[in-house]
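The opening residue of the sequence shown carries number 54 in my numbering; numbering runs sequentially from there. C-beta: ideal position from N, C-alpha, C; glycine also.
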Amino acid sequence: NALEDLYKIKAKIKWPNDLYLKNKKFGGILIETKIVNKKLSIVIGIGLNIFMKTNEFINQEWTSLHIEKPFLEIDRNILISKIISEISNNLNYFLEKGFKAFKKDFDKRNILKNKKVLVSNFSSSDCIALDVNEDGSLNLLVDNLKQKVTSGEVSLKIQK
């Protein structure tokens, strides 16, 4: 929501953690959790291509905010402050309610919904991403059978 609130940029999400603009990746989010002395510790890493130039080599289709919105003045400090504020405001709510409290927003931004995808742990080339469940798992249609997958089990690539 930070990009939309500050710059009117409507990013999409490729399950489970990639950020997309115009069908090209421009960022990602990694979350690691640990229990330390009976307390939950969370490390959140966010990477955004803000000012990358078109001559940068990356082995997939990608973009940057500057490429998509060249005349937009993006202040990294303001953006990261907004992102941290949003995470801080939503973290306890997430811990209390789980992913289901955010499912509706995810569904609006789900770039994979009803698209044909490649899935590394299914030999079939006939896979369609459906939607996400309240626990954050992904529903696929594989050879006309509904399958539920969780993080760590799949690698998805959007087919054109």
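According to the DSSP assignment, residue 59 belongs to the alpha helix (DSSP H) that extends over 55-60.
The count of Cβ pairs closer than 8 Å, one atom from the region 146-166 and one from the region 184-203, reaches three, so the stretches are in contact. Residue environment analysis places residue 74 among the buried positions, since at least 16 neighbouring C-beta atoms fall within 10 angstroms of its C-beta. Here DSSP, grouped into helix, strand and coil, assigns residue 111 to coil. Residue 98 is positioned such that its CB atom lies no closer than 9 Å to that of residue 120. Sequence-distant partners of residue 147 (beyond 5 residues in either direction) whose C-beta falls short of 8 Å from its own C-beta, in its chain, are 154, 155.
Close CB contacts of residue 87 within its chain, under the 6 Å cut and outside five residues either way in sequence, are with 94 (chain order). In this structure, the beta-carbon distance from residue 64 to residue 138 does not fall below 9 Å. With a cutoff of 9 Å on beta-carbon distance, residue 127 and residue 103 are scored as near each other. Straight through space, the alpha carbons of residue 66 and residue 157 are spaced by roughly 13 Å. Within the model, the alpha-carbon separation for residue 179 versus residue 89 is close to 43 Å. In the displayed model, residue 184 falls within a strand according to three-state DSSP.
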